[in-house]
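So in full-length UniProt numbering, the last spot in the sequence shown is 479, and the numbers never skip.
Here a beta-carbon is modelled for each residue, glycine too, at the ideal position from N, C-alpha and C.
None of the values given here were measured: they were computed from a predicted structure.
Comments concern the structure below.
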Amino acid sequence: MSVAQNNQARRKAARSGLPAVADLSQPLPKRMITSRMFWVTVALLILYAACLVLLYRQVVPDQKVPGGRLIGLGHEAVPISAKYAAFTAVPLSLLFLWLDRFKPWRFWVWLMVFLWGACVATFFAAQINSWAASHLSIIGDGDPATGSRAAIYVAPWVEEFAKATALFWVAILMRYRWVSRLSGIALAGLAGAGFAFVENILYYGRVYRYAANTFGQVEPEQALQGLFLQRGVLTFFGHPLFTSMTGIGLAIGLRSKSKVVRVIAPLAGFCAAAFLHMSFNTAATLVQGNQLLLTYLFVALPALLAMIIFIVRQEFREGRLIRERLTDYARVGWVPTGDVLPMSRLRTRLRALWQSLFRGGHAPLATLRVQRAETELAYLRDSMTRGLIDDAGLEREKFLLSRIRAARGAAVIQPEARADYGRIRELFGRRRAIPSYAPPSYPGPAGIGGSMPAPGTAPIGPAATQYSKVDPNWKPPGE
Numbered sequence: 001m002s003v004a005q006n007n008q009a010r011r012k013a014a015r016s017g018l019p020a021v022a023d024l025s026q027p028l029p030k031r032m033i034t035s036r037m038f039w040v041t042v043a044l045l046i047l048y049a050a051c052l053v054l055l056y057r058q059v060v061p062d063q064k065v066p067g068g069r070l071i072g073l074g075h076e077a078v079p080i081s082a083k084y085a086a087f088t089a090v091p092l093s094l095l096f097l098w099l100d101r102f103k104p105w106r107f108w109v110w111l112m113v114f115l116w117g118a119c120v121a122t123f124f125a126a127q128i129n130s131w132a133a134s135h136l137s138i139i140g141d142g143d144p145a146t147g148s149r150a151a152i153y154v155a156p157w158v159e160e161f162a163k164a165t166a167l168f169w170v171a172i173l174m175r176y177r178w179v180s181r182l183s184g185i186a187l188a189g190l191a192g193a194g195f196a197f198v199e200n201i202l203y204y205g206r207v208y209r210y211a212a213n214t215f216g217q218v219e220p221e222q223a224l225q226g227l228f229l230q231r232g233v234l235t236f237f238g239h240p241l242f243t244s245m246t247g248i249g250l251a252i253g254l255r256s257k258s259k260v261v262r263v264i265a266p267l268a269g270f271c272a273a274a275f276l277h278m279s280f281n282t283a284a285t286l287v288q289g290n291q292l293l294l295t296y297l298f299v300a301l302p303a304l305l306a307m308i309i310f311i312v313r314q315e316f317r318e319g320r321l322i323r324e325r326l327t328d329y330a331r332v333g334w335v336p337t338g339d340v341l342p343m344s345r346l347r348t349r350l351r352a353l354w355q356s357l358f359r360g361g362h363a364p365l366a367t368l369r370v371q372r373a374e375t376e377l378a379y380l381r382d383s384m385t386r387g388l389i390d391d392a393g394l395e396r397e398k399f400l401l402s403r404i405r406a407a408r409g410a411a412v413i414q415p416e417a418r419a420d421y422g423r424i425r426e427l428f429g430r431r432r433a434i435p436s437y438a439p440p441s442y443p444g445p446a447g448i449g450g451s452m453p454a455p456g457t458a459p460i461g462p463a464a465t466q467y468s469k470v471d472p473n474w475k476p477p478g479e
């Protein structure tokens with residue numbers, strides 16, 4: 001292929017969002033420096049650090065204001081609040097990482113989205129919410145309802161926009177890898193979990209500091225635990241659930257050929273997220289007592305249950321899609337027929353990867369490569385049939401097929417009924433020492449406490465019976 005044809009192929013692949021094949025002949029530092037994503041990651045890390053430092057200086061130390069002093073969270077409250085906030089953030093993050101298993105994102109994408117929600121989204125939302133609350137308070141002119149107006153009318157839109165920005169960035173830069181609604185839910189959930197993590201630190205720190213400065217009413221730790229029960233246990237799903245609406249809308253738009261759907265679906269998802277958030281804040285602000293409990297039981301929990309059912313249905317749907325698209329390749333003989341069913345079942349894929357660990361060598365890496373390549377091949381076929389990718393996908397298709405053929409010989413496709421644990425016992429188990437006995441020798445062991453006769457005594461066994469020599473002159477007496 002000439003240079004012009006190569007450049008034209010690269011432009012066509014970039015237009016369809018297809019990833020460029022890494023030149024492994026180049027050293028790793030050079031590949032990193034010339035990678036666009038590397039510099040995007042560096043810029044994002046600097047932005048995250050700046051937002052986190054600015055937010056810390058704004059809310060943690062006490063601030064001098066006209067006419068007095070504004071009490072901050074305090075340096076002693078931040079580690080305690082972070083510990084309680086992590087009890088919710090860590091399991092939620094692991095849950096969303098586990099959710100997207102057919103074609104998972106790279107770990108650094110998950111990390112960047114989580115940190116965006118934790119650093120950038122919280123800092124941006126804190127500035128806008130504070131500005132809006134101050135203006136609504138002035139306009140309200142002493143109206144008691146002004147305290148809740150910002151939480152109901154401003155915060156949902158601002159916070160959902162701040163969290164959803166990370167999703168739109170991923171959709172723009174890596175739209176080819178956004179293959180399903182599960183991908184959108186996983187990314188949105190991580191952004192929401194990161195936002196909730198920092199927001200919970202702020203809420204926990206405020207109640208802890210307030211209880212510490214109010215002597216004789218309630219212990220700071222007890223007040224913090226009460227708020228943790230409300231925010232960290234009963235309503236832990238709030239922010240991830242809201243932002244998931246935007247993720248689903250973006251996934252529908254990216255997987256559709258219609259330009260109208262590509263515009264309307266993300267906007268509809270964002271509006272659904274904001275309205276859900278607004279409803280939640282309205283109930284938490286204006287509803288009290290038994291009515292709040294009924295709202296939680298008959299509105300919040302059913303919404304969570306509906307999302308869980310939707311996710312389970314999507315898991316089965318993605319399995320059917322992979323099975324149908326790999327069948328297309330199996331019919332023409334490009335993919336073995338025995339690969340279709342194992343690649344469409346998560347449990348079978350996990351068992352195959354587990355058993356490959358006990359074969360040693362290149363089996364684990366080959367199994368992982370085959371699973372990822374065949375999954376990407378299925379989604380690539382689906383994109384081509386939908387008209388989302390033009391003939392530029394043919395080159396990517398050839399690359400994936402060659403990668404499958406190269407790694408399939410050492411990979412585990414269909415797992416056995418039981419893994420071969422013998423190799424692990426050989427590698428890591430203790431080998432039982434076989435005693436090396438000395439060759440038998442007469443008269444054997446003896447001495448004090450020995451069970452054999454001492455040297456010089458009569459032997460045991462068949463040799464113990466001894467006969468005298470025959471006397472040829474012997475005869476009966478008396479003859």
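By how many angstroms is the C-alpha of Ile322 removed from the C-alpha of Met343? The residue you call residue 343 lines up with position 343 of the sequence shown. The residue you call residue 322 lines up with position 322 of the sequence shown. Across the structure, Met343 and Ile322 are spaced so that their CA atoms are roughly 7 Å apart.
What did DSSP end up calling Gln230 once you bin it into helix, strand or coil? If you number the sequence shown from 1, residue 230 lands on position 230. It is helical.
Which residue comes first and which comes last in the beta strand (DSSP E) that contains Gly72? Position 72 of the sequence shown, counting from 1, holds the residue named residue 72. No residue range can be given for Gly72, since it is assigned to no beta strand (DSSP E) and is classified by DSSP as neither H nor E.
Which residues in the same chain have their Cβ closer than 7 Å to the Cβ of Phe123, if we skip the five residues on either side of it in sequence? Position 123 of the sequence shown holds residue 123. Here the set comprises Cys51, Leu54 and Leu55.
With burial defined as no fewer than 16 other Cβ atoms inside 10 Å of the residue's Cβ, what is the status of Ala89: buried or exposed? Numbered from its first residue, the sequence shown carries residue 89 at position 89. Buried, since its Cβ has 16 or more Cβ neighbours within 10 Å.
Given Phe298 as reference, the closest of Ile311, Ala283 and Ala407 once Cα atoms are compared: Stepping through the sequence shown from its first residue, residue 298 is reached at position 298. Measuring from the Cα of Phe298, the nearest candidate turns out to be Ala283.
How long is the line joining the alpha carbons of Gly232 and Arg405, rounded to whole angstroms? Translated into positions along the sequence shown, residue 232 becomes position 232. Translated into positions along the sequence shown, residue 405 becomes position 405. Gly232 and Arg405: Cα-Cα distance of roughly 48 Å.
What residues in its chain sit with their C-beta under 8 Å from that of Val340, if we drop five residues either side in the sequence? Counting from one through the sequence shown, the residue named residue 340 turns up at place 340. Within the same chain, Val340 has close Cβ partners Arg323, Leu326, Thr327 and Ala330.
Classification of Arg349 by the beta-carbon crowding that lies within 10 angstroms, buried from 16 upward: Walking along the sequence shown from the start, residue 349 turns up at place 349. Here Arg349 is buried: its Cβ has 16 or more other Cβ atoms, across all protein chains shown, within 10 Å.
Going by alpha carbons, who is nearest to Ala155 out of Arg177, Phe195, Ala186 and Gly189? In the sequence shown, the residue the question calls residue 155 occupies position 155. That would be Phe195, whose Cα lies nearest to the Cα of Ala155.
Indicate whether Glu159 and Ala132 have their beta-carbon atoms separated by less than 8 Å. To locate residue 159, count along the sequence shown from 1; it is residue 159. To locate residue 132, count along the sequence shown from 1; it is residue 132. Taking 8 Å as the cut-off, the beta carbon of Glu159 is found no closer than this to the beta carbon of Ala132.
May I have a chain-ordered list of the alpha helix (DSSP H) segments no shorter than 4 residues that lie completely inside the stretch 24 to 74? Complete alpha helix (DSSP H) runs here, min 4: 28 to 33 and 36 to 59.
Could you tell me the boundaries of the alpha helix (DSSP H) in which Gly409 lies? What you label residue 409 is simply residue 409 of the sequence shown in a count that begins at 1. Looking at the DSSP string, Gly409 is not in any alpha helix (DSSP H), and its letter there is neither H nor E.
Put Trp98 into one of helix, strand or coil per three-state DSSP. Position 98 of the sequence shown holds residue 98. It is helical.
Cutoff 6 Å; reference Gln371; Cβ partners in own chain excluding five residues on either side: Here residue 371 refers to the residue found at position 371 of the sequence shown. The beta carbon of Gln371 sits closer than 6 Å to the beta carbons of Arg349 from its chain, once the five residues preceding and following it are set aside; these are given in chain order.
Count the other C-beta atoms from every protein chain shown that fall within 10 angstroms of the C-beta of Leu18, then say buried if there are 16 or more, exposed otherwise. Residue numbering aside, residue 18 sits at position 18 when the sequence shown is read from its first letter. Burial call: buried.
Ala20 to Ala166, Cα distance in whole Å? The count along the sequence shown starts at 1 and reaches residue 20 at position 20. The count along the sequence shown starts at 1 and reaches residue 166 at position 166. Between Ala20 and Ala166, the C-alpha separation is close to 23 Å.
How many angstroms separate the CA atom of Pro240 from the CA atom of Thr367? Residue numbering aside, residue 240 sits at position 240 when the sequence shown is read from its first letter. Residue numbering aside, residue 367 sits at position 367 when the sequence shown is read from its first letter. Taken atom to atom, the span from the alpha-carbon of Pro240 to that of Thr367 is near 33 Å.
For Phe236 and Ile308, I'd like the C-alpha separation in whole angstroms. In the sequence shown, counting from the first residue as 1, residue 236 sits at position 236. In the sequence shown, counting from the first residue as 1, residue 308 sits at position 308. Their Cα atoms are separated by approximately 14 Å.
Given this structure, state the Cα-to-Cα distance separating Gly205 from Thr214, to the nearest angstrom. By 1-based counting over the sequence shown, the position of residue 205 is 205. By 1-based counting over the sequence shown, the position of residue 214 is 214. Per the coordinates, the alpha-carbon of Gly205 lies some 14 Å from the alpha-carbon of Thr214.
Tell me whether Ala20 sits in a helix, a strand or coil according to DSSP, three-state version. Sequence index remark: in the sequence shown, residue 20 carries index 20 (1-based). Here Ala20 carries a coil assignment [DSSP, helix/strand/coil].
For Arg351, the first and last residue of its enclosing alpha helix (DSSP H): What you label residue 351 is simply residue 351 of the sequence shown in a count that begins at 1. Membership of Arg351 in the alpha helix (DSSP H) is indicated by the continuous run Leu346 to Ser356.
Inter-residue spacing [alpha-carbon to alpha-carbon] between Glu318 and Val312: Along the sequence shown, one-based indexing puts residue 318 at 318. Along the sequence shown, one-based indexing puts residue 312 at 312. Rounded to the nearest whole angstrom, the C-alpha separation of Glu318 and Val312 is 10 Å.
Given a threshold of 16 other Cβ atoms within 10 Å of its Cβ, counted over all protein chains shown, does Gly333 qualify as buried or as exposed? To locate residue 333, count along the sequence shown from 1; it is residue 333. Gly333 comes out exposed.
What are the boundary residues of the alpha helix (DSSP H) that includes Phe280? The residue given as residue 280 occupies position 280 in the sequence shown. Run containing Phe280: Lys259 to Leu286, per the alpha helix (DSSP H) assignment.
Comparing C-alpha positions only, which one of Phe114, Arg369, Tyr153 and Val78 sits nearest to Ser93? The count along the sequence shown starts at 1 and reaches residue 93 at position 93. For the residues Phe114, Arg369, Tyr153 and Val78, the minimum Cα distance to Ser93 belongs to Phe114.
Less than 7 Å separating the Cβ of Tyr203 from some heavy atom of the ligand SAH? Questions concerning the ligand SAH fall outside what the structure shown contains, since it holds no ligand whatsoever.
Considering only residues of the same chain and omitting the five flanking positions on each side of Ile185, which have a CB-CB separation below 7 Å? As a position in the sequence shown, residue 185 is number 185, starting the count at 1. The answer, listed in chain order, is Leu99, Ser244, Gly247, Ile248 and Ile311.
Three-state secondary structure (DSSP) at Asp391? Your numbering for residue 391 matches position 391 in the sequence shown. Secondary structure at Asp391: coil, using DSSP grouped into helix, strand and coil.
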